Amino acid sequence: MNIRTALRRAILGAATVVFALAATSCDEKLSDLTGPTPNLQPTFTSIQQEIFNTTDASGRLACTNCHSNVGRNPSGGMNLLGAVSYANLVGVASTGKPGAVRVIPGDPDNSYIIHKLQGSSDIAGVRMPRGNGPFLTDGQILVIKRWIANGAPNN
Ligand code: HEC
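If you're matching positions, the sequence shown starts at 37 in my numbering and goes up one per residue.
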């Protein structure tokens, strides 16, 4: 092999190692951040499964304990059971805060669900999940924000 081929191979090899390392540390970071729900991804299906339906490893109550129409009226007039949750969230006005919209596709910072999960100072009522936590971690909230930033698709 001549010197140019050897050099090209060495550079390609080094680049592969760098890319592999970068990919690994990214994956590690996401699951570190979403700790109690390591499988959480920024898709609606994943958020439904890991956040709305599930009491997670930190002891956080499933949202559907209260946001359900089974044997009760959904808290806040918002039903988060799988079949209807998308239609209860995206582009839907808040019942608690006039002018607020629960999920605004492409605009996580102004989506009311994010304010309620972060306990922002502008919310009506209390921080979610109701009852002094454990609240969602920053990483879990970040994944929900990313889904909204991606246009809040029904995926
Ligand atoms: C223990 C019961 C309970 C749990 C668990 C709970 N909520 Fe709520 N939620 C309520 C009640 C009651 C209200 C209405 C009063 C208020 O806004 O504080 C509400 C209101 C809301 C609202 C505002 C709705 C509107 O139209 O103004 C959002 C958004 C919300 N909850 C999201 C969630 C999410 C997401 C979870 C899970 C991470 C969750 N909640 C878990 C009881 C609960």
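Glycine included, each C-beta is placed from N, C-alpha and C at the ideal position. Treat the numbers as computed from the prediction; the structure is a model and nothing was measured.
Any non-hydrogen atom of the ligand HEC within 6 Å of residue i CB
i: Asn-101; result: yes
i: Thr-81; result: no
i: Arg-108; result: no
i: Gly-135; result: no
Separation of residue j from residue i, as counted between CA atoms
i: Ala-58; j: Val-106; result: Residue confidence for Ala-58 is low, a pLDDT of 49 falling below 50, so the modelled location carries little weight and cannot support an answer.
i: Pro-78; j: Asp-158; result: 25 Å
i: Ile-180; j: Pro-134; result: 23 Å
i: Gln-84; j: Pro-110; result: 16 Å
i: Pro-141; j: Gly-187; result: 4 Å
i: His-103; j: Gly-127; result: 18 Å
i: Ala-129; j: Asp-143; result: 15 Å
Status (buried if at least 16 other CB within 10 Å, exposed otherwise) for residue i
i: Asp-174; result: exposed
i: Arg-108; result: exposed
i: Thr-73; result: buried
i: Gln-176; result: buried
i: Pro-189; result: exposed
Boundaries (first-last residue) of the alpha helix (DSSP H) holding residue i
i: Asn-124; result: 118 to 125
i: Ala-185; result: 174 to 185
i: Phe-80; result: 80 to 83
i: Lys-133; result: Unbroken run through Lys-133: none, as it is neither H nor E.
i: Leu-153; result: 148 to 154
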